[in-house]
Every structure is written in structure tokens, then in C-alpha cells.
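**Q** A single structure is presented below for examination.
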Amino acid sequence: GKDEWQRAELVGIPTNLIFTFMCIVFFVSPDFLSGDENENDKLFNSLAVMHLTNYSSDLSDDNFCAAITSGVITGLARLGMFDVKARTDVLKFKNKMTSHEEINEILGVDAYIEGSLSKTPDGEKYFADIQLIDAKKGTNLWAARFEKSKNDILNIPNTIVSEIAHFLGGSDATKENVKT
Numbered sequence: 498g499k500d501e502w503q504r505a506e507l508v509g510i511p512t513n514l515i516f517t518f519m520c521i522v523f524f525v526s527p528d529f530l531s532g533d534e535n536e537n538d539k540l541f542n543s544l545a546v547m548h549l550t551n552y553s554s555d556l557s558d559d560n561f562c563a564a565i566t567s568g569v570i571t572g573l574a575r576l577g578m579f580d581v582k583a584r585t586d587v588l589k590f591k592n593k594m595t596s597h598e599e600i601n602e603i604l605g606v607d608a609y610i611e612g613s614l615s616k617t618p619d620g621e622k623y624f625a626d627i628q629l630i631d632a633k634k635g636t637n638l639w640a641a642r643f644e645k646s647k648n649d650i651l652n653i654p655n656t657i658v659s660e661i662a663h664f665l666g667g668s669d670a671t672k673e674n675v676k677t
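Numbering of the sequence shown is given in our numbering, commencing with residue 498 and proceeding in unit increments.
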């Protein structure tokens, strides 16, 4: 009676352990076990920020294009959501028509940001048209137009970074998870 029940209970423990182990092996994702489940949920892992094209007739606006490009690179790199190519790596593409295949091949990125800067004839307002492009397919993943006064033009990078981070499911550059 009692001895047989205790032996059955002892045999049941290893059986339960084996069953639990088999469930883990067969039903739980290997990504869960490795802790990489969020890595695979990302839309992409790396990106480049191409130099903005100056659509203004004022060549001095090239400086704004450079400052906005650099600000977006810095902001996205600080988020730590993905690898961001250095500004010097993308400078070779400035003022050149380049296909998504070339950008993907040369820079080895999953996506890139491209865009332009223009302003009203009176020079009081600036517009940045920004697109996030899938570097493998050449398709537009996200696009937005940002409008700022000439006195607020250098705040465009913060807005762009915040919008892109929001689109990708992250937080904006003012949140705690920013790399420092």
C-alpha cells in the first residue's frame, strides 16, 4: 500500500520533469531561451541617414541640411534601437542619385533615411520632407513633412527622431532609454 504509493510518487517526479523539459524544448521558441525575442521583432537592425538635399536656391541652406542630417544621426544613435552609420560613411553619396541597391550593398544597412529641405520664398518657413526607405526593397516605410520657422529650423532633427522612434515602436529621444 503505502510503499507502492511512495514508489509511484518517486517515479512520477522524473516523468513530470521529463515532460516539462520536452515542452520547453518543443514548444518554447529558441529566441525566448536566448533572450533575443525583441531583436527579431525589429523592423530592421541598421540604418543610414543620407545627407538632405537642398531644394532652396540659397546655397547657405546647405549648412542647415548638414546640421539637420548630423542631428538626426546623433539622435537616432543615442536611442540605441539600431546601428546607425557614421556621417562620414554617407558623405560619399551627397548630391548623387543612388539606388537603394547601391546603398544597401555599399553601406550594408537594412534601411536609410533620405529627404530634402526647402523654404518659402520669403525665407520665413522651412520644410523638411523625410522618408524612411527599406534598403533591400526600395520601398517607402514611413514619410513625413516637417515645418519650422527660420528661427526654429535646428529643432527639426529632434522632431524627426521622435517621429521615427514612435513609428518603430520605441520612445523618443527624451526618454530614459537613450544611450549616453
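A virtual CB, placed ideally from N, CA and C, is assigned to each residue, including glycine.
Suppose you measure from the CA of residue 611 to the CA of residue 644; what does that come to, to the nearest Å?
**A** Looking up residue 611 in the sequence shown gives position 114. Looking up residue 644 in the sequence shown gives position 147. Rounded to whole angstroms, residue 611 to residue 644 spans 16 Å at the Cα level.
**Q** What three-state label does DSSP hand residue 572 in the structure shown?
**A** In the sequence shown, the residue the question calls residue 572 occupies position 75. Helix, per DSSP.
**Q** Thinking residue 543 and residue 579 are a contact (beta carbons under 8 Å), I'd like their distance in whole angstroms, please.
**A** The residue you call residue 543 lines up with position 46 of the sequence shown. The residue you call residue 579 lines up with position 82 of the sequence shown. Yes, they are in contact, since the Cβ atoms of residue 543 and residue 579 sit about 6 Å apart, within 8 Å.
**Q** Comparing alpha-carbon positions, which option in 614, 603, 599 and 548 lies nearest residue 591?
**A** If you number the sequence shown from 1, residue 591 lands on position 94. With distances taken between Cα atoms, residue 591 lies closest to 548.
**Q** From the DSSP output, read off the bridge partner residues of residue 625.
**A** As a first step, residue 625 is located in the sequence shown; it is residue number 128 there, counting from the start. According to DSSP, which records beta bridges pairwise, residue 625 is partnered with 614 and 643.
**Q** Would DSSP call residue 544 helix, strand or coil?
**A** If you number the sequence shown from 1, residue 544 lands on position 47. Three-state result, residue 544: strand.
**Q** Could you check which residue in 572, 602 and 653 has the C-alpha nearest to that of residue 624?
**A** Stepping through the sequence shown from its first residue, residue 624 is reached at position 127. Considering only alpha carbons, the answer is 653.
**Q** Given a threshold of 16 other Cβ atoms within 10 Å of its Cβ, counted over all protein chains shown, does residue 446 qualify as buried or as exposed?
**A** Limits of the chain in this structure are 498 at one end and 677 at the other, which puts residue 446 out of reach.
**Q** For residue 567 and residue 584, what's the separation of their Cα atoms in angstroms?
**A** Sequence index remark: in the sequence shown, residue 567 carries index 70 (1-based). Sequence index remark: in the sequence shown, residue 584 carries index 87 (1-based). Going from the Cα of residue 567 to the Cα of residue 584 covers about 7 Å.
**Q** Should the stretch 593-607 be called in touch with the stretch 560-576, which here means at least 3 C-beta pairs below 8 Å?
**A** The stretch 593-607, when compared against the stretch 560-576, does not touch it at the 8 Å Cβ threshold.
**Q** Measuring only the C-alpha atoms, how far is residue 551 from residue 540?
**A** Residue mapping note: residue 551 aligns to position 54 of the sequence shown, counting from 1. Residue mapping note: residue 540 aligns to position 43 of the sequence shown, counting from 1. Distance between the alpha carbons of residue 551 and residue 540: 29 Å.
**Q** Out of curiosity, what's the CA-to-CA distance linking residue 570 and residue 649?
**A** Locating residue 570 in the sequence shown gives position 73, counting from the first residue. Locating residue 649 in the sequence shown gives position 152, counting from the first residue. Their backbone Cα atoms lie some 19 Å apart in a straight line.
**Q** How about residue 640 and residue 582: do their beta carbons lie closer than 8 Å?
**A** Numbered from its first residue, the sequence shown carries residue 640 at position 143. Numbered from its first residue, the sequence shown carries residue 582 at position 85. The answer is no: Cβ separation not under 8 Å.
**Q** Within 10 angstroms of the Cβ of residue 601, are there 16 or more other Cβ atoms? Answer buried if so, exposed if not.
**A** For this step, residue 601 is matched to residue 104 along the sequence shown. Classification of residue 601: buried, given that the 10 Å Cβ count is 16 or more.
**Q** Give the DSSP-derived three-state secondary structure of residue 638 in the structure shown.
**A** Taking the sequence shown and counting its residues from 1, one reaches residue 638 at position 141. Residue 638: strand per DSSP, three-state reduction.
**Q** For residue 633, is the classification buried or exposed, using 16 other Cβ atoms within 10 angstroms of its Cβ as the cut-off for buried?
**A** Within the sequence shown, residue 633 is the residue found at index 136, counting from 1. By the neighbour-count rule (16 or more Cβ atoms within 10 Å), residue 633 is not buried but exposed.
**Q** On the criterion of 16 or more Cβ atoms from any shown chain inside 10 Å, does residue 666 qualify as buried, or is it exposed?
**A** As a first step, residue 666 must be located in the sequence shown, where it is residue number 169. Result: exposed.
**Q** Which of the three DSSP states is assigned to residue 675 in this structure?
**A** Taking the sequence shown and counting its residues from 1, one reaches residue 675 at position 178. Residue confidence is low: residue 675 scores 38 on pLDDT, short of 50, so the model does not pin down where it sits. No coordinate-derived value is stated.
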